[in-house]
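Encoded as structure tokens, the structure appears first; notes follow it.
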Amino acid sequence: MKPTRFLPVLSLMAAMALTSNGADAPPDPKKAFGRPIVLTPDDKPAFDAPPAGFNVRRKDIPQGRLEMVEYDSKTVGTKRRMQVYTPPGYSKEKSYPVLYLLHGIGGDETEWQRFVTVDAIFDNLIAEKKAVPMIVVMPNGRAQKNDRPEGNIYAAAPAFANFERDLLDDVIPAIAARYEVVKTPEGRALAGLSMGGGQTLNFGLSHLDTFAWIGAFSPAPNTKAPADLLPKPDEAKKHLKLLVLTCGNKDGLINISQGMHAYLKEMQVPHAWHVDGHGHDAAHWGSSLYYFAQNVFR
Ligand code: FER
Numbered sequence: 001m002k003p004t005r006f007l008p009v010l011s012l013m014a015a016m017a018l019t020s021n022g023a024d025a026p027p028d029p030k031k032a033f034g035r036p037i038v039l040t041p042d043d044k045p046a047f048d049a050p051p052a053g054f055n056v057r058r059k060d061i062p063q064g065r066l067e068m069v070e071y072d073s074k075t076v077g078t079k080r081r082m083q084v085y086t087p088p089g090y091s092k093e094k095s096y097p098v099l100y101l102l103h104g105i106g107g108d109e110t111e112w113q114r115f116v117t118v119d120a121i122f123d124n125l126i127a128e129k130k131a132v133p134m135i136v137v138m139p140n141g142r143a144q145k146n147d148r149p150e151g152n153i154y155a156a157a158p159a160f161a162n163f164e165r166d167l168l169d170d171v172i173p174a175i176a177a178r179y180e181v182v183k184t185p186e187g188r189a190l191a192g193l194s195m196g197g198g199q200t201l202n203f204g205l206s207h208l209d210t211f212a213w214i215g216a217f218s219p220a221p222n223t224k225a226p227a228d229l230l231p232k233p234d235e236a237k238k239h240l241k242l243l244v245l246t247c248g249n250k251d252g253l254i255n256i257s258q259g260m261h262a263y264l265k266e267m268q269v270p271h272a273w274h275v276d277g278h279g280h281d282a283a284h285w286g287s288s289l290y291y292f293a294q295n296v297f298r
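In the numbering used here, the protein residues as written are 1 to 298.
Shown next as structure tokens:
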């Protein structure tokens, strides 16, 4: 690893001020990505990089299925789409836990699959008994009538906030109606990359009665201020089974997750804080998902 210049740990207040530009502030991506990256001694890997081939399909193991599912969104007033992975041997005789996996600002329901070959990651881990069989739901987090990533993708930031109701009122019930799923918080995980990482923290930490497992990978400036998100840290300690926060040390958005880590540490909320050598990129997200997949629902 390259030597890093360590600066003093940011004070909690300074970290929080850096963290949030408010969910409603007009996004300025240049400014957000252009902040100087200031690393602290805490900002180091919490787990190993995945082995070579971790997301490459293998012919010699059982395969899960990917399907594109349409659901009625009362929230948006349209039919919307989500990509769903069911594990090898999926059977209506069993109940499966569900991981809801959220994409970034330029993405859609196909992004996670395109970036890291989600089905291969899970098929491989399940074959090696390193992950429990689960359903992975990849919805479209841009909850507006035209939910394609077109034009100024940053202008759709409010639709990512609107997705909270779509997820809770439309997506989760549609999944429960179509698949055999565990219907308790312990059977639901929420994770996401960048804009989806911010959604994960915003929705997950404010709905501890819905999700017990949370993973935010390079969360974006849509992340609410930590103290607003978790005014009662004891509730999180009581309900959460897993909280994973990751970022690359070449990611200009790292101040967001550093601020969240500082708050969680100060409030003694157990969490994994992982910083690797990647940027705001698929290598980081694949690695983070590989780790999260092995620790969720355990
Ligand atoms: C911003 C910079 C980046 C922002 C969002 C992003 C809402 C999201 C990036 C991504 O999802 O990859 O200022 O504001």
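Beta carbons: idealized from backbone N, C-alpha and C, even for Gly.
The model shown is predicted, which means the values in this text are computed figures rather than measured ones.
Nonlocal neighbours in the same chain, by C-beta distance under 6 Å from residue i, ignoring five residues either side
| i | result |
| --- | --- |
| Ala-189 | Leu-99, Trp-213 and Val-296 |
| Val-171 | Pro-139 |
| Gly-204 | Leu-190, Phe-211 and Ile-214 |
| Thr-86 | Gly-64, Arg-65 and Ile-135 |
| Asp-147 | Asn-140 |
| Gly-279 | Gly-248, Lys-250 and Asp-251 |
Where the alpha helix (DSSP H) through residue i begins and ends
| i | result |
| --- | --- |
| Glu-67 | Run containing Glu-67: none in the alpha helix (DSSP H); it sits in the beta strand (DSSP E), 65-73. |
| Lys-31 | 29-33 |
| Leu-205 | 195-205 |
| Val-118 | 118-127 |
| Arg-165 | 157-165 |
| Asp-108 | Counting along the chain, Asp-108 falls outside any alpha helix (DSSP H), and DSSP gives it neither H nor E. |
| Pro-221 | That residue, Pro-221, is in no alpha helix (DSSP H); it is neither H nor E in DSSP. |
| Asp-169 | No alpha helix (DSSP H) contains Asp-169, which DSSP labels as neither H nor E. |
| Asp-228 | 226-229 |
Sub-8 Å separation of residue i and residue j beta-carbons
| i | j | result |
| --- | --- | --- |
| Ser-288 | Phe-217 | yes |
| Ala-299 | Ile-105 | Nothing about residue 299 can be read from this structure; the chain reaches only from 1 to 298. |
| Ala-156 | Arg-178 | no |
| Gly-107 | Pro-149 | yes |
| Arg-65 | Tyr-90 | yes |
| Leu-229 | Ser-194 | no |
| Leu-243 | His-271 | yes |
| Ile-37 | Asn-222 | no |
| Met-301 | Arg-80 | In the structure displayed, the chain extends from 1 to 298; residue 301 sits before or after that span and is not available. |
| Leu-101 | Val-136 | yes |
| Pro-333 | Ala-127 | Nothing can be reported for residue 333, as the shown portion of the chain is limited to 1 through 298. |
| Thr-78 | Lys-145 | yes |
| Arg-35 | Asn-202 | no |
| Pro-45 | Val-269 | no |
| Ala-174 | Tyr-71 | yes |
Other residues of its chain near residue i: CB distance less than 7 Å, five sequence neighbours each side excluded
| i | result |
| --- | --- |
| His-313 | No answer is possible for residue 313: the residues shown for the chain start at 1 and end at 298. |
| Leu-125 | Ala-131, Ala-293 and Gln-294 |
| Pro-29 | Tyr-154 |
| Asp-166 | Ser-73, Thr-75, Val-76 and Ala-143 |
| Glu-111 | His-103 and Gly-104 |
| Gly-187 | Pro-97, Val-98 and Val-181 |
| Lys-241 | Glu-186, Ala-212 and Trp-213 |
| Gly-196 | Leu-102, His-103, Gly-104 and Gly-141 |
Per DSSP, cross-strand counterpart(s) of residue i
| i | result |
| --- | --- |
| His-213 | The question names His, but residue 213 is Trp in the sequence shown. For Trp-213, which the question treats as bridged, DSSP gives the partners Ala-189 and Leu-242. |
| Tyr-100 | Val-137 and Leu-190 |
| Val-181 | Tyr-96 |
Extent of the continuous beta strand (DSSP E) to which residue i belongs
| i | result |
| --- | --- |
| Thr-78 | 78-86 |
| Ile-135 | 135-138 |
Same chain, Cβ closer than 8 Å to residue i, five either side skipped, listed in chain order
| i | result |
| --- | --- |
| Tyr-290 | Pro-50, Phe-54, Asn-55, Ile-121 and Leu-125 |
| Glu-235 | Leu-208 |
| Gln-113 | Leu-66, Gln-83, Asp-119 and Met-138 |
| Ala-32 | Asn-21, Ala-220, Pro-221, Gly-252 and Leu-253 |
| Thr-200 | Leu-102, Leu-190, Ala-191, Gly-192, Ile-214, Gly-215, Ala-216 and Pro-219 |
Neighbour flag for residue i against chain D, beta carbons, 8 Å
| i | result |
| --- | --- |
| Thr-40 | Annotation note: the requested chain D is absent from the structure, which comprises a single protein chain. |
Restricting to runs no shorter than 3 residues, where is the beta strand (DSSP E) found entirely within the segment 234-295? 242-248 and 272-276
Which runs of the beta strand (DSSP E) at least 3 residues long sit entirely within the segment 41-66? Give them in chain order. none
Lining residues of ligand 3 - beta-carbon closer than 5 Å to any non-hydrogen atom, in sequence order: Here the bound small molecules are ligand 1; ligand 3 is not part of this structure.
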